[in-house]
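Okay, so the sequence shown: first residue is 8 according to full-length UniProt numbering, each after it adds one.
We put the beta carbon where it would ideally sit given N, CA and C, even for glycine.
No experiment lies behind these values; they were computed from the predicted model shown.
Below: the structure, in structure tokens.
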Amino acid sequence: SEYSQEPARHPSLKINAKEPFNAEPPRSALVSSYVTPVDLFYKRNHGPIPILDHLESYSVILTGLIDNPTKLSIKDIRSLPKYNVTATLQCAGNRRTAMSDVKKVRGVGWDVSAIGNAVWGGAKLAHVLELVGIPNLTPSTILGGKHVEFVSVDRCKEENGGPYKASIPLSQATNPEADVLLAYEMNGETLNRDHGFPLRVVVPGVIGARSVKWLDSINIIAEECQGFFMQKDYKMFPPSVNWDNINWSSRRPQMDFPVQSAICSVEDVQMVKPGKVCIKGYAVSGGGRGIERVDISLDGGKNWVEASRTQKPGKHYISEHSSSDKWAWVLFEATIDVSQTTEVIAKAVDSAANVQPENVESVWNLRGVLNTSWHRVLLRLGH
Ligand code: MTE
Ligand code: MO
8 SEYSQEPARH PSLKINAKEP FNAEPPRSAL VSSYVTPVDL FYKRNHGPIP ILDHLESYSV
68 ILTGLIDNPT KLSIKDIRSL PKYNVTATLQ CAGNRRTAMS DVKKVRGVGW DVSAIGNAVW
128 GGAKLAHVLE LVGIPNLTPS TILGGKHVEF VSVDRCKEEN GGPYKASIPL SQATNPEADV
188 LLAYEMNGET LNRDHGFPLR VVVPGVIGAR SVKWLDSINI IAEECQGFFM QKDYKMFPPS
248 VNWDNINWSS RRPQMDFPVQ SAICSVEDVQ MVKPGKVCIK GYAVSGGGRG IERVDISLDG
308 GKNWVEASRT QKPGKHYISE HSSSDKWAWV LFEATIDVSQ TTEVIAKAVD SAANVQPENV
368 ESVWNLRGVL NTSWHRVLLR LGH
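In structure tokens form, the structure reads like this:
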């Protein structure tokens with residue numbers, strides 16, 4: 008079968024779909040380290056994992072609305088200044104299963120671990136574009152280019168057997184501060200097959216769907232990418248839209264992800280001993296908005312206490328204007344006293360004071376994306 012040459016995977020991953028392979032780590036493993044180990048990092052695929060082991064013949068083609076279409080080898084990419092960017096990648100479908108519990112949605116089910124925090128190593132896309140004559144911060148619109156499209160080599164059903172693709176605005180692609188990378192390393196190791204070997208895009212602060220793996224070409228285009236995952240998926244519709252009245256063209260492709268948090272040290276329903284219980288989880292926001300605060304409530308949201316937060320930022324990566332690693336998650340912790348069955352709620356607030364919504368119902372959408380509602384777990388007393 009086309010899935011006979013998949014890479015080996017960690018046995019503790021929870022498999023949500025086998026072919027294509029979609030899996031996430033157990034909750035407790037996710038928050039046991041600030042940087043998510045590669046083998047436990049969630050894997051989100053739409054087709055078989057390509058085999059691209061002849062690096063000598065591998066190249067990325069830069070083409071479209073530019074003067075000089077160019078082929079770049081891995082060596083060319085590696086010869087540019089290397090950046091290590093700690094960035095959290097999150098699938099827009101993270102927490103979809105809980106959205107489906109309220110009212111059925113379409114898509115692969117995910118618990119709270121379709122997210123991970125890695126140190127991505129590679130060249131800045133802005134520098135790569137400069138190589139082909141597109142200067143920093145002054146996007147050359149002479150030829151009409153407004154978007155940068157990333158096309159993969161993998162093949163997926165949704166594209167009728169064509170490659171996975173996505174685009175971002177040219178202004179973001181040419182802005183070195185946006186830290187969009189063409190990454191060849193993950194956590195200091197050569198990128199592995201599951202995560203896009205030999206080269207992938209990493210768009211910090213944006214839903215994972217735009218971080219195209221197994222990059223084949225980069226096209227400078229006038230209009231946004233017309234691929235399935237831009238136009239017929241990964242859009243946020245209002246709760247009133249259903250499969251009979253949906254008009255895909257009425258909404259824009261989702262880019263930045265909203266403020267999110269989840270409790271990971273316990274399952275949705277967890278038996279605990281009476282006494283002190285340590286609650287741990289992650290919080291992150293999109294668009295480079297750092298996390299300002301994580302609040303915990305034990306009484307349905309009437310009263311809140313602030314959790315403590317930690318980050319172990321890479322030293323390259325602290326911006327002048329904030330004390331935090333702006334593309335990366337924070338891990339939070341709070342110790343609570345439990346003497347009866349208790350619902351624990353977490354909600355995060357980002358640097359723009361955006362707050363997670365209270366209920367799933369208010370953000371419910373038929374594709375089940377961006378469930379960022381307050382995360383709730385139930386602690387029951389047991390031995
Ligand atoms: N790139 C390609 N070529 N094919 C894919 O199926 N999935 C996207 C994105 N890039 C995908 C892709 C989605 S939806 C997500 S969430 C991330 O990759 C997941 O990246 P990961 O598997 O490295 O965690
Ligand atoms: Mo995704």
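Using CA atoms only, rank isn't needed, just tell me which of the options is closest to residue i.
| i | options | result |
| --- | --- | --- |
| N52 | K131, K25 and I352 | K25 |
| A355 | I343, V266, S346 and V312 | V266 |
| D161 | V38, F204, E196 and H382 | F204 |
| H134 | L69, R200 and I270 | L69 |
| K78 | S66, I84 and K50 | S66 |
| A125 | E165, I175, T197 and L132 | T197 |
| G151 | G114, I228 and D46 | I228 |
| A314 | G307, E165, V351 and P281 | V351 |
| N199 | F48, V367 and L87 | F48 |
When every heavy atom of the ligand MTE is checked, does at least one fall within less than 7 Å of the C-beta of residue i?
| i | result |
| --- | --- |
| L47 | no |
| L96 | yes |
| Y289 | no |
| K21 | no |
| D161 | yes |
| K164 | no |
| V376 | no |
| V155 | no |
| G168 | no |
| D201 | yes |
Quick one: residues in its chain with C-beta nearer than 7 Å to the C-beta of residue i, no 5 flanking neighbours on either side, listed in chain order?
| i | result |
| --- | --- |
| S159 | P170, Y171, K172, V219, K220, W221, L222 and D223 |
| L62 | I81 and P205 |
| Q179 | A185 and V187 |
| K110 | W371 |
| V38 | C271, S272, K287, G288, Y289 and L338 |
| M278 | R387 and G389 |
With respect to the alpha helix (DSSP H) encompassing residue i, which residues constitute its N-terminal and C-terminal limits?
| i | result |
| --- | --- |
| V279 | Not the alpha helix (DSSP H): V279 falls in the beta strand (DSSP E), residues V276 to V279. |
| E137 | L132 to L138 |
Within the continuous beta strand (DSSP E) that includes residue i, where are the two ends?
| i | result |
| --- | --- |
| M193 | L188 to M193 |
| A359 | Careful: A359 lies outside any beta strand (DSSP E) and carries neither H nor E. |
| F339 | V337 to V345 |
| F157 | H154 to C163 |
| R207 | R207 to V209 |
Say the cut is 7 Å; is the CB of residue i nearer than that to a heavy atom of the ligand MO?
| i | result |
| --- | --- |
| R51 | yes |
| G152 | no |
| G100 | yes |
| A216 | yes |
Might you give, ordered along the chain, the residues of its own chain that have their beta carbon closer than 6 Å to the beta carbon of residue i, omitting 5 neighbours on each side?
| i | result |
| --- | --- |
| R102 | V119 and N378 |
| P246 | W371 |
| Y10 | E26 and P55 |
| K319 | Y41 |
Going by beta carbon distance, what residues of the same chain come within less than 8 Å of residue i, once the five residues before and after it are set aside?
| i | result |
| --- | --- |
| E327 | Confidence is the limiting factor: at E327 the pLDDT is only 45, short of 50, which leaves the residue's position unreliable and the question unanswerable from this model. |
| S256 | Q238 |
The segment 183 to 196 contacting the segment 245 to 255, beta-carbon criterion three pairs below 8 Å: no
Stretch pair the segment 73 to 86 + the segment 339 to 348: three plus CB contacts closer than 8 Å: no
At least 3 beta-carbon pairs within less than 8 Å: the segment 33 to 40 vs the segment 106 to 124: yes
Meets three-Cβ-pair contact criterion under 8 Å: the segment 232 to 239 and the segment 281 to 291: no
Segment contact flag, the segment 93 to 102 with the segment 207 to 216, C-beta cutoff 8 Å, min 3 pairs: yes
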